[in-house]
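Note that the working numbering gives residue 327 to position 251 of the sequence shown, counting from 1, and the numbers run on in steps of one.
Heads up, the beta-carbon is just placed ideally off N, CA and C, and yes, glycines get one too.
As the structure is a computational prediction, the values presented were derived from the model and not from experiment.
Since the structure comes first, as structure tokens, the remarks are kept for the end.
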Amino acid sequence: MMDWTDRHCRYFLRLLSPHARLYTEMLTAASLIHGDAARLLQFNKEEHPVALQLGGCDPGMMSRASRLGELQGYDEININVGCPSDRVQSGQFGACLMGQPELVAACVAAMRDVVTIPVTIKTRIGIDDHDSYEFLRHFIDAVAAAGCETFIVHARKAILEGLSPKDNRSVPRLDYSRVYRLKQERPDLTIVLNGGITTIDQVREHLSHVDAVMIGRQAYQDPWFLTEIEQVFHATPVPGRHEVIEQMAVYIEHELAQGVALKHMTRHLLGLFNGQPGARLWRRYLSENAHRPGAGIDVLYSALGKLPKVA
Ligand SMILES: Cc1cc2nc3c(=O)[nH]c(=O)nc-3n(C[C@H](O)[C@H](O)[C@H](O)COP(=O)(O)O)c2cc1C
Numbered sequence: 077m078m079d080w081t082d083r084h085c086r087y088f089l090r091l092l093s094p095h096a097r098l099y100t101e102m103l104t105a106a107s108l109i110h111g112d113a114a115r116l117l118q119f120n121k122e123e124h125p126v127a128l129q130l131g132g133c134d135p136g137m138m139s140r141a142s143r144l145g146e147l148q149g150y151d152e153i154n155i156n157v158g159c160p161s162d163r164v165q166s167g168q169f170g171a172c173l174m175g176q177p178e179l180v181a182a183c184v185a186a187m188r189d190v191v192t193i194p195v196t197i198k199t200r201i202g203i204d205d206h207d208s209y210e211f212l213r214h215f216i217d218a219v220a221a222a223g224c225e226t227f228i229v230h231a232r233k234a235i236l237e238g239l240s241p242k243d244n245r246s247v248p249r250l251d252y253s254r255v256y257r258l259k260q261e262r263p264d265l266t267i268v269l270n271g272g273i274t275t276i277d278q279v280r281e282h283l284s285h286v287d288a289v290m291i292g293r294q295a296y297q298d299p300w301f302l303t304e305i306e307q308v309f310h311a312t313p314v315p316g317r318h319e320v321i322e323q324m325a326v327y328i329e330h331e332l333a334q335g336v337a338l339k340h341m342t343r344h345l346l347g348l349f350n351g352q353p354g355a356r357l358w359r360r361y362l363s364e365n366a367h368r369p370g371a372g373i374d375v376l377y378s379a380l381g382k383l384p385k386v387a
């Protein structure tokens, strides 16, 4: 998620969830080819398994960018066919690519030619008036024919004009049945359902229809949810929140020494104590102090000191 799931965020989420597959923010193929790829692709080895999400529609550029991703050590390359922003549309990629399945298939084929890791797609169930199950299946079939085996489907259509990216994540109604039907009719494909998942019961229900779920906002805003998923579905022992912060502090100290500002890391931690005594004090203290020039690790410990000991 753009501006959210950077490498600091992913490092933190991995502490909470040993099993989740993590995804980068979308990086455009052009930014990797023309920009500082080594910096943009940087990640921590603890993040594995981690997928690089690419935006783009030029098969040559997408294959070059995929290669850079594989060389850097990513476990999967995912193509963004879901973003509705004007910027992305003016580049002719993101959700509008649902209308050009042959082009997406050409990208997948070109990318698979140069990498050995899986090339996957994240898409919507439709765009604008192309809002039928048949449209979705036609898109999936065309792209699967090029060798893509995994599709993450955000179960709402994208409205390409007149709706902001934010509203495009809540206004078009969720239609899970279309994603379920896709799995029924294409059982050999791996179908991952995304959109609106906030509870364990929802996860359980979706998993009786599809292969996996992808969780976006809930995982970021209430990251402890990931530990609940771990406990229920993988029997992973749950760490204490303080313990997680202690582990995060080691990472933060290392990054501070490399010149990373504290606020870029602590901003991802704000939701950790949601629903716990002291949550507001934690959020407020970090928000008010982490951005100050020269802010160091003591800010994190002071924020921790605002909390009751056994949260
Ligand atoms: C701040 C933000 C940034 C996002 N950036 C991306 C992105 O870069 N690539 C992408 O495929 N989806 C992106 N999304 C969409 C989410 O991946 C997800 O499809 C959407 O939020 C619905 O899932 P959820 O209800 O679990 O959040 C973003 C969502 C948010 C809230």
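C-alpha gap between His84 and Pro177, whole angstroms: Answer to the nearest angstrom: the Cα atoms are 34 Å apart.
Relative to the C-alpha of Asn365, which residue among Leu380, Met290, Gly351 is closest? Relative to the Cα of Asn365, the nearest Cα in the group Leu380, Met290, Gly351 belongs to Leu380.
Please work out which residues of its chain come closer than 8 Å, Cβ to Cβ, to Leu98, disregarding the five sequence neighbours upstream and downstream, and give them in chain order. Closer than 8 Å at the Cβ level, and outside the excluded window around Leu98, lie Thr81, Arg86, Leu89, Arg90, Glu123, Pro125, Val126, Ala127.
For the beta strand (DSSP E) containing Gly131, name the first residue and the last one. That run of the beta strand (DSSP E) goes 126-131.
Is Tyr150 helix, strand or coil by DSSP? Tyr150 falls in the coil class under three-state DSSP.
Does any heavy atom of ligand 1 sit closer than 8 Å to the C-beta of Arg245? Yes, ligand 1 has a heavy atom inside 8 Å of this Cβ.
Assuming contact is defined by CB atoms lying nearer than 9 Å, are Val229 and Val255 in contact in what I supplied? Yes, the pair counts as a contact, with Cβ atoms nearer than the cut-off.
Where does Asp134 land, buried or exposed, given buried means 16+ other C-beta within 10 angstroms? Buried, since its Cβ has 16 or more Cβ neighbours within 10 Å.
Report the rounded CA-to-CA distance for Cys159 versus Ala171, giving the unit in angstroms. Rounded to the nearest angstrom, the two C-alpha atoms are 5 Å apart.
Run the Cβ filter for me: residues under 7 Å from any heavy atom of ligand 1, listed in the order they occur in the chain. Per the CB criterion, closer than 7 Å to any heavy atom of ligand 1, the qualifying residues run in chain order as Met77, Met78, Asp79, Trp80, Glu101, Met102, Gln129, Asn156, Gly158, Cys159, Lys198, His230, Arg245, Asn270, Gly271, Gly272, Ile273, Met290, Ile291, Gly292, Arg293, Gln294.
Assuming Glu152 and Ile203 make a contact with CB atoms under 8 Å, what is their CB distance in whole Å? About 24 Å separates the two Cβ atoms, so there is no contact after all.
Would you please verify whether the beta carbon of Cys172 is less than 9 Å from any beta carbon of chain C? Any reference to chain C falls outside this structure, which holds one protein chain only.
Is Arg97 helix, strand or coil when you go by DSSP? Collapsing the DSSP output to three states places Arg97 in coil.
In the DSSP assignment, the alpha helix (DSSP H) including Phe254 goes from what residue to what residue? First, the residue type needs correcting, since residue 254 is Arg and not Phe in the sequence shown. Start and end: 252-261.
Just the Cα atoms here: how many angstroms apart are Asn270 and Ile109? Answer to the nearest angstrom: the Cα atoms are 29 Å apart.
Tell me whether Met102 sits in a helix, a strand or coil according to DSSP, three-state version. Strand.
Distance, Leu173 Cα to Leu302 Cα: When rounded, the distance between both Cα atoms is 31 Å.
Going along the chain, which residues of its own chain have a beta-carbon closer than 6 Å to the beta-carbon of Glu146, five neighbours each way excluded? Cβ within range, chain order: Val191, Ile193.
Cβ-Cβ distance between Leu117 and Pro315 below 9 Å: Contact: no.
Suppose you measure from the CA of Thr199 to the CA of Phe227; what does that come to, to the nearest Å? Answer to the nearest angstrom: the Cα atoms are 7 Å apart.
Distance, Cα to Cα, Val164 vs Ala222? One C-alpha to the other measures close to 24 Å.
Select from Leu130, Arg143, His95 the residue whose C-alpha is nearest the C-alpha of Met78. Nearest Cα to Met78 within the set Leu130, Arg143, His95: Leu130.
Is the Cβ-Cβ distance between Gly335 and Pro384 less than 9 Å? Result no, Cβ atoms of Gly335 and Pro384 do not sit closer than 9 Å.
Find out if the Cβ-Cβ distance for the pair Arg280, Val308 is shorter than 9 Å. Cβ distance < 9 Å, so Arg280 and Val308 count as in contact.
Whole beta strand (DSSP E) elements within the segment 278-305, 3-residue minimum: Taking only runs of at least 3 residues, the beta strand (DSSP E) segments lying wholly in the segment 278-305 are 288-290.
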